[in-house]
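Numbering (the working numbering), first residue to last: 0 to 623.
For each residue, glycine too, the CB sits at the ideal point set by N, CA and C.
One structure is given below, encoded as structure tokens.
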Amino acid sequence: MFESKYDVIVVGAGHAGCEAAAAAANLGSKTLLITMNLQFTGQMSCNPAMGGIAKGQIVREIDALGGYSGIVSDNSAIQFKMLNQSKGPAMWSPRVQSDRSLFALEWRKMLENTPKLDFYQDMVVDLLFDKEAVQGVVTSLGLKIYSKSVVLTNGTFLNGLIHIGEKNFGGGRAGETASIGLTAALENVGFQSGRMKTGTPPRVDGRSLNFEVMEEQAGDEQPSKFSYLPITKPLTKQRSCHITHTNTTVHEILASGFDRSPMFNGNIKSTGPRYCPSIEDKINRFADKNRHQIFVEPEGWDTVEVYVNGFSTSLPDDIQYKALKQVKGFENVKFFRPGYAIEYDYFQPTQLFHTLETKRIEGLYFAGQINGTTGYEEAGAQGIIAGINAHLKINDQEPFILGREEAYIGVLIDDLILKGAEEPYRMFTSRAEYRTLLRQDNADDRLTARSHKIGLASDERLRLVDNKAKAKTALVHYLEKTSYELQEANALLEAKQSDLVTQTDKFAKLLSRPSVQRKDIVNFNPLANYLKENQFTDEVFEQAEIQIKYAGYIDKEKRNADKLKRLENIKIPKDFNFDVLASLSFEAKEKLNHLRPNTLAQASRISGINPSDISVLLVSMGRQ
């Protein structure tokens with residue numbers, strides 16, 4: 000059945016697996032995507048949405064690299080919203096509400112139109128090894144499929160156990176079986192595994208809800224999109240979400256079921272996501288709060304199914320139903336299915352290199368929730384990096400690693416490798432030291448050229464980036480050199496109750512005022528004619544505005560990033576013996592020997608490594 004050897008086998012067709020398979024195949028590797036059910040390719044297991052705070056930046060980065068997540072999200076979106084617009088541009092985060100069914104369909108279509116990508120439906124239960132290198136996979140049907148590299152993206156399926164109250168049963172997702180055998184196979188060759196937990200809320204019938212008593216949350220009046228390519232278009236119509244709240248009655252009903260809750264009766268022993276807690280966890284930890292927000296999210300264009308975001312739970316189904324009926328607007332609610340918690344195996348990501356290749360087995364890569372992360376976006380980010388590096392490795396090319404100053408993806412992977420995951424890892428803007436540089440608007444500026452260099456990002460992507468960069472530079476130059484008319488400026492400033500100007504000055508000076516935005520000056524003379532003549536897009540003007548307004552902050556972060564790069568350039572030999580450095584603390588030696596950082600910068604970010612340890616390493620590396 001499989002007579003020839005594959006270059007890359009990807010196990011699992013969730014967000015990580017889809018991006019890994021697409022990246023490897025598009026780079027030219029003969030790739031096989033094998034999953035337990037091909038009908039669930041690219042399935043949204045939890046909320047029907049992509050992006051959000053820090054996560055939207057990741058989707059933009061995946062797109063800039065040549066991944067599919069942005070395109071799929073655009074083509075299946077039912078609402079677009081730019082979050083945090085009241086804050087600075089480093090915090091702006093795009094998010095789409097998605098049509099769940101259409102999202103999976105778009106993924107399937109894009110993958111099936113990817114050359115060099117094959118598909119097979121089966122469960123992988125074991126791996127084939129040749130000494131300390133992977134050679135392929137073994138399926139539940141006993142098939143041995145050989146390859147030069149393997150990417151494992153098993154999501155929540157490894158020995159998955161679903162909990163609803165006191166009931167539990169094996170499964171990786173509602174209605175799907177767990178993956179059995181692979182954890183043991185990995186443990187047998189020395190990998191360290193653990194258990195984590197995540198949860199999901201009930202899905203309900205929208206026809207049974209009273210939306211009129213809820214707060215409507217419409218999409219942006221002028222929606223944008225994720226992908227930088229012109230093949231996707233912004234939405235022309237959108238579906239609204241809604242907001243309602245729990246109350247003390249709801250909390251009392253939920254608390255009455257705590258004795259049957261697997262979270263509190265000991266049936267669940269693993270760690271769940273701190274930043275996306277279950278409703279029972281919220282009312283237990285925040286007992287002083289008499290209400291919690293619930294986002295009521297439609298599942299698609301043409302379905303009445305609704306996702307009850309903020310009501311994730313593993314309580315008994317009767318308690319879930321009784322409590323939810325007391326929520327405003329849910330008095331007559333009908334369930335499609337109850338919420339549940341799921342426990343699954345993961346592998347401590349400190350066992351990986353920054354390429355996501357395992358340190359123990361050559362050619363074996365882990366990506367997604369198997370590494371202790373949570374979220375579609377975090378999974379997709381790891382998938383594309385693993386797929387890229389699997390291809391590069393078998394072709395004897397330099398690895399593709401993104402630094403913390405280059406991308407949120409770089410922050411994500413660096414955190415996982417150097418700090419590990421004791422709870423499900425979720426990305427936040429606060430995790431990025433250089434977030435002013437890592438904005439959602441400039442992901443293509445940061446990453447497309449790097450991806451094009453290895454052959455993933457297309458010529459068209461690079462051309463679009465170059466054209467946009469030239470246009471932005473030209474516009475910034477014009478705004479810095481051209482003066483506004485005094486009367487127009489003062490009329491605007493008076494309307495904004497801002498200090499008037501006594502003499503004319505450059506547009507850049509006017510735009511640098513906090514109260515003045517680009518939309519305020521687009522019709523000013525002579526700027527209006529210049530914009531019309533050059534047909535600048537709003538995207539270009541937005542970037543020009545950000546550069547002018549935040550020039551000082553951007554320059555400061557660039558200088559800090561340059562300092563980091565100097566340490567990144569000081570390599571630590573792969574076989575370096577840290578034990579010979581008598582001045583290093585015992586803890587430093589232990590952690591450095593275990594984690595094997597590649598550079599001094601990586602070593603400096605390991606918990607327990609202090610500045611004096613770095614000084615010792617600096618002196619030692621200088622002797623190499």
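* **Distance, Glu544 Cα to Glu131 Cα** => Going by the C-alpha atoms only, they are around 53 angstroms apart.
* Asked: Under the three-state reduction of DSSP, which class applies to Gly170: helix, strand or coil?
  -> For Gly170, the three-state secondary structure derived from DSSP is coil.
* Rounded to the nearest angstrom, how far is the Cβ of Gly386 from that of Ala23, given a contact under 8 angstroms? -> Sure, about 4 angstroms apart at Cβ, within 8 angstroms.
* **Extent of the continuous alpha helix (DSSP H) run through Val71** => Its alpha helix (DSSP H) spans residues 68–75.
* **Integer-rounded CB distance, given that Val7 should sit under 8 angstroms from Ser148** => Indeed they touch by this definition, with Cβ atoms about 5 angstroms apart.
* Stretch pair the stretch 152–171 + the stretch 339–354: three plus CB contacts closer than 8 angstroms -> Touching, yes.
* Short check: CB of Asp443 to CB of Val464, under 7 angstroms? -> Contact annotation: Asp443 and Val464 have beta-carbon atoms nearer than 7 angstroms.
* To do: Could you tell me the distance, in whole angstroms, from the CA atom of Gln623 to the CA atom of Ile163?
  => Its pLDDT being 48, under 50, Gln623 is placed unreliably in this model, and the coordinates cannot settle the point.
* Which whole-angstrom value describes the C-beta separation of Leu151 and Val10, a residue pair presumed to lie in contact below a C-beta threshold of 8 angstroms? -> Confirmed, about 5 angstroms.
* Hey, how far is the Cα of Leu64 from the Cα of Leu455? -> If I take the Cα positions, the gap works out to 7 angstroms.
* Asked: Phe294 to Pro261, Cα distance in whole Å?
  -> So the alpha carbons of these two residues sit roughly 25 angstroms apart.
* **Buried/exposed call for Asn46, threshold 16 Cβ in 10 Å** => So Asn46 ends up on the buried side.
* Element boundaries [alpha helix (DSSP H), containing Ala183] -> From DSSP, the alpha helix (DSSP H) with Ala183 extends over 181–187.
* At which residues does the beta strand (DSSP E) containing Ala132 begin and terminate? -> From DSSP, the beta strand (DSSP E) with Ala132 extends over 132–138.
* Asked: Which parts of the stretch 343–418 are runs of the beta strand (DSSP E), unbroken and 3 residues or longer, counting only runs that do not cross its ends?
  -> For the stretch 343–418, whole beta strand (DSSP E) runs of length 3 or above, ordered along the chain, are 363–365.
* Asked: Given 8 angstroms as the limit, is there contact between the stretch 181–188 and the stretch 210–223, that is, 3 or more CB pairs closer than that?
  -> Contact between the stretch 181–188 and the stretch 210–223 is absent, because fewer than three Cβ pairs lie under 8 angstroms.
* Going by C-alpha distance, which of Gln368, Leu351, Leu485 is nearest Met195? -> Closest by alpha carbon: Gln368.
* To do: Identify every run of the beta strand (DSSP E) within the stretch 303–330, keeping only runs that are complete inside it and at least 3 residues long; order them along the chain.
  => Taking only runs of at least 3 residues, the beta strand (DSSP E) segments lying wholly in the stretch 303–330 are 304–308.
* In angstroms, rounded to a whole number, what distance separates the CA positions of Leu401 and Leu446? -> So the two alpha carbons sit approximately 9 angstroms from each other.
* Inspect the CB distances between the stretch 67–79 and the stretch 225–233 and report whether three or more fall short of 8 angstroms. => In short, these stretches touch, since the Cβ pair count reaches three.
* Asked: Lys562 to Ser619, Cα distance in whole Å?
  -> Each residue's CA atom was taken as its position, placing Lys562 and Ser619 some 20 angstroms apart.
* Just to confirm, are Ala20 and Thr34 a CB contact at a threshold of 7 angstroms? -> The Cβ atoms of Ala20 and Thr34 do not sit closer than 7 angstroms to each other.
* For Ala527, which residues of its own chain have a beta-carbon under 8 angstroms away from its beta-carbon, when the five flanking residues on both sides are left out? -> Cβ neighbours of Ala527 beyond the five flanking positions: Val521.
* Residues near Gly607 by beta carbon distance below 6 angstroms, same chain, minus five either side -> Within the same chain, Gly607 has close Cβ partners Glu586, Lys590.
* Are the beta-carbon atoms belonging to Asn530 and Tyr343 less than 7 angstroms from one another? -> It is worth fixing the name first, because residue 530 is Leu in this sequence and not Asn. No, the pair does not count as a contact, with Cβ atoms beyond the cut-off.
* To the nearest angstrom, report how far apart Leu616 and Asn597 are at their CA atoms. => Each residue's Cα considered, the two are about 12 angstroms apart.
* To do: Would you kindly work out how many angstroms separate the C-alpha atoms of Lys508 and Asp280, rounded to a whole number?
  => Cα to Cα, Lys508 sits roughly 50 angstroms from Asp280.
* Does Leu491 have its Cβ less than 7 angstroms from a Cβ in chain C? -> Among the chains in the structure shown there is no chain C, since it carries only a single protein chain.
* Asked: Roughly how many angstroms lie between the CA atoms of Leu653 and Ala488, to the nearest whole one?
  -> Limits of the chain in this structure are 0 at one end and 623 at the other, which puts residue 653 out of reach.
* Thinking C-alpha only, which one of Asn289, Gly419, Ser92 is nearest Ser192? -> For Ser192, the closest C-alpha among the options Asn289, Gly419, Ser92 is that of Gly419.
* Asked: Relative to the alpha-carbon of Ile318, which residue among Leu253, Asn592, Asn331 has its alpha-carbon at the smallest distance?
  -> Considering only alpha carbons, the answer is Leu253.
* **Buried versus exposed call for Trp300 [16 or more other C-beta atoms within 10 Å across all chains shown]** => By the Cβ-count criterion, Trp300 is exposed, with fewer than 16 other Cβ atoms from all chains shown falling within 10 Å of its own Cβ.
* Same chain, Cβ closer than 7 angstroms to Thr312, five either side skipped, listed in chain order -> For Thr312, same chain residues with a beta-carbon under 7 angstroms away, outside a window of 5 residues either side, are Gly198, Pro200, Ser277, Ile278, Glu279, Gln319, Gly338 in chain order.
* Just the Cα atoms here: how many angstroms apart are Ser28 and Ile605? -> One C-alpha to the other measures close to 34 angstroms.
* **Val203 versus Leu37 - alpha carbon distance** => Val203 and Leu37 have their alpha carbons spaced roughly 26 angstroms apart.
* Uninterrupted beta strand (DSSP E) stretches inside the stretch 17–94 (no shorter than 3 residues) -> The stretch 17–94 contains these whole beta strand (DSSP E) runs: 30–34, 48–50, 76–82.
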